[in-house]
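Quick note: the sequence shown uses UniProt numbering, first residue 1, plus one each step.
Following: one structure in structure tokens, then a few remarks.
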Amino acid sequence: MKILVLGNGAREHAIITALLREDDLEIVCAGGNGGIARQVRVVDLDPVDGAAVAAFASDESFDLVVIGPEAPLVAGVADAVREAGVAVFGPSAAAARLEGSKSFAKRIMAEANVPTGAVTRVTTVEEADAAMDASGAPWVLKADGLAAGKGVIVTDDRDAALQHAQTYLAEGPILVEEFLEGPEVSLFFFADGESVVPLAPAQDFKRLRDGDEGPNTGGMGAYSPLPWLADRFGSEAAFVDEVRSTIAEPTIRQMAKEGTPFSGLLYCGLILTDAGIRVIEFNARFGDPETQVVLPRLVSPLSEAMFAAATGSLGSLPPLEFDSGAAVTVVLASEGYPEAPITGRYLAGFDGASGVEGITLIHAATKKDGYQWFATGGRVLNVVGQGATIADARARAYEALGHIDLQGGQYRTDIAERAGQ
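Here's what the structure looks like:
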């Protein structure tokens, strides 16, 4: 199978790394980064240019196009590729509104009776102020559209909430949501417009600093599996079954009912409240950094699952199998991230880190110039450790991270700490 992967981040590197475990695949990446370029052919192709992607995929006889980031999905790149007669893993622009518009997603959930928090959509600071009065602190404000994982604030500081509202209202409506309390879980589903197939749950860490302090980020680490789910649901499998039957399947049915069938990857961002499981958000693609810990545990061929989702044949796919071990990823970020990351600094220590047993380095924003590596973005590198237990995987990840040198680099020291005890 010949596969074109669109994107240049850690999520795409994790997808490519998983695909490279299979035989008889030819993989090309449009975009890429320093780590991806070491493994597969990288082409200079704008992933948001649907016509260019469709033409390239058709001319080069690709069997499958995998769209990694959200922007090409919302821009309709999947539609252009499908019209060119090439199978594509990723929803149409109409279906990608599940991620591109949080108010659209809330409406779909309401129609499908999917459990989620109450919400008020506002278009002015005055409306936001009134909605905050009605809900009370702590306040949850979200940009309605895409915001690269940075459009959300959860705070008791009213001034900070109103400043957030003012910032993102300049780009469009925002949502003032009910504050929900409890542990968060990310659960991915392959979808083909009718059927869904679950992957393994993961938990990520959004705050910049230890103890869940500091600003929200795109994600500073993650781990899988989640052994503590058994305490509440009897088993991880029982939790997955409940999410599938009460959230994923009703959502996919509602999307089909409205004439916008969803195929690709449905990301369910969940919170486990005292009143039950609630949806925080949907995404229309693999999450980052959860992908970096879910796909290393996947034993079943990733290419087969993505192709089945793209071609409407998930119903004939056997249940996915996962390794019984654990994976933990820790994100190394540039100084100043997330507000104003300082880029262009030297990176060193890859050989030492890679020499640690059970370690995979997943690149997010790197470039190699000659023999020297440089950081090119905010989140630079994912250090992924695998082991028999979460404690083993975590220890390996932090041992490897100790070999990496990035001036001003920052990372959390408590990723999966409680889960590994």
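Just so you know, even glycine gets a beta-carbon here, dropped at the ideal spot from N, CA and C.
Sequence-distant residues of the same chain with beta carbon closer than 7 angstroms to residue i, five excluded per side
| i | result |
| --- | --- |
| residue 351 | none |
| residue 25 | 1, 3, 19, 303 |
| residue 315 | 195 |
| residue 276 | 115 |
| residue 320 | 197, 199, 298, 300, 305 |
| residue 165 | 125, 128, 141, 174 |
Terminal residues of the alpha helix (DSSP H) in which residue i lies
| i | result |
| --- | --- |
| residue 163 | 158-169 |
| residue 58 | 50-59 |
| residue 129 | 125-135 |
| residue 452 | This structure gives no information on residue 452, because the portion of the chain shown stretches from 1 to 421. |
| residue 72 | 70-74 |
| residue 397 | 390-401 |
| residue 375 | Note, residue 375: premise wrong, no alpha helix (DSSP H); beta strand (DSSP E) at 372-375. |
| residue 354 | 350-354 |
| residue 35 | 34-37 |
| residue 26 | Residue 26 -> not in any alpha helix (DSSP H); beta strand (DSSP E) instead, spanning 26-31. |
| residue 110 | 102-112 |
| residue 177 | Unbroken run through residue 177 is the beta strand (DSSP E), 174-177; no alpha helix (DSSP H). |
Cβ-Cβ separation, residue j to residue i (assumed contact under 8 angstroms), whole Å
| i | j | result |
| --- | --- | --- |
| residue 73 | residue 306 | Their Cβ separation, rounded to whole angstroms, is 14 angstroms, which puts residue 73 and residue 306 out of contact at 8 angstroms. |
| residue 168 | residue 328 | Wrong, their Cβ atoms sit about 32 angstroms apart, outside the cutoff. |
| residue 326 | residue 389 | 6 angstroms |
| residue 170 | residue 141 | The Cβ separation is near 14 angstroms, so there is no contact. |
| residue 364 | residue 401 | Incorrect: roughly 14 angstroms between the Cβ atoms, too far for contact. |
| residue 391 | residue 358 | Rounded, the Cβ-Cβ distance is 12 angstroms, inconsistent with contact. |
| residue 5 | residue 29 | 5 angstroms |
| residue 135 | residue 260 | Actually they do not touch by this definition, with Cβ atoms about 30 angstroms apart. |
| residue 251 | residue 272 | Actually they are not in contact, since the Cβ atoms of residue 251 and residue 272 sit about 18 angstroms apart, beyond 8 angstroms. |
| residue 36 | residue 285 | Contact flag wrong, Cβ pair sits at about 17 angstroms. |
Nearest residue (CA-CA) to residue i, options the options
| i | options | result |
| --- | --- | --- |
| residue 282 | 335, 255, 128, 304 | 255 |
| residue 128 | 101, 84, 178 | 178 |
| residue 180 | 279, 100, 249, 9 | 279 |
| residue 102 | 61, 122, 53 | 122 |
| residue 249 | 336, 198, 29 | 198 |
| residue 221 | 172, 407, 210, 117 | 210 |
| residue 371 | 349, 364, 386, 363 | 349 |
| residue 324 | 226, 56, 245, 347 | 226 |
| residue 262 | 386, 193, 163 | 193 |
| residue 417 | 204, 214, 342 | 204 |
| residue 111 | 230, 67, 253 | 253 |
| residue 57 | 37, 229, 78 | 78 |
| residue 182 | 154, 108, 274 | 274 |
| residue 376 | 44, 346, 404 | 346 |
| residue 257 | 108, 59, 21, 382 | 108 |
Burial state of residue i (16 or more Cβ within 10 Å)
| i | result |
| --- | --- |
| residue 411 | buried |
| residue 158 | exposed |
| residue 186 | buried |
| residue 124 | exposed |
| residue 106 | buried |
| residue 8 | buried |
| residue 174 | buried |
| residue 337 | buried |
| residue 318 | exposed |
| residue 69 | buried |
| residue 296 | buried |
| residue 355 | exposed |
| residue 396 | buried |
| residue 236 | buried |
| residue 387 | buried |
| residue 344 | exposed |
| residue 241 | exposed |
| residue 113 | exposed |
| residue 96 | buried |
N-terminal and C-terminal residue of the beta strand (DSSP E) that residue i is part of
| i | result |
| --- | --- |
| residue 384 | 379-387 |
| residue 79 | Residue 79 -> not in any beta strand (DSSP E); alpha helix (DSSP H) instead, spanning 77-83. |
| residue 224 | 221-224 |
| residue 192 | 184-192 |
| residue 302 | Counting along the chain, residue 302 falls outside any beta strand (DSSP E), though it belongs to the alpha helix (DSSP H) covering 302-311. |
| residue 320 | From DSSP, residue 320 is part of no beta strand (DSSP E); its letter is neither H nor E. |
| residue 279 | 276-283 |
| residue 116 | Run containing residue 116: none; DSSP gives neither H nor E here. |
| residue 196 | 196-198 |
| residue 181 | No beta strand (DSSP E) holds residue 181; DSSP gives it neither H nor E. |
6 angstroms Cβ shell around residue i - same chain, five flanking residues per side excluded
| i | result |
| --- | --- |
| residue 120 | 131, 176 |
| residue 360 | 384 |
| residue 291 | 11, 14 |
| residue 202 | 186, 222, 224, 290, 293, 294 |
| residue 335 | 342, 408 |
| residue 54 | 80, 81, 84 |
| residue 216 | 152, 206 |
| residue 239 | 229, 233 |
| residue 118 | 178 |
Cutoff 8 angstroms; reference residue i; Cβ partners in own chain excluding five residues on either side
| i | result |
| --- | --- |
| residue 312 | 192, 193, 194, 263 |
| residue 413 | 210, 398 |
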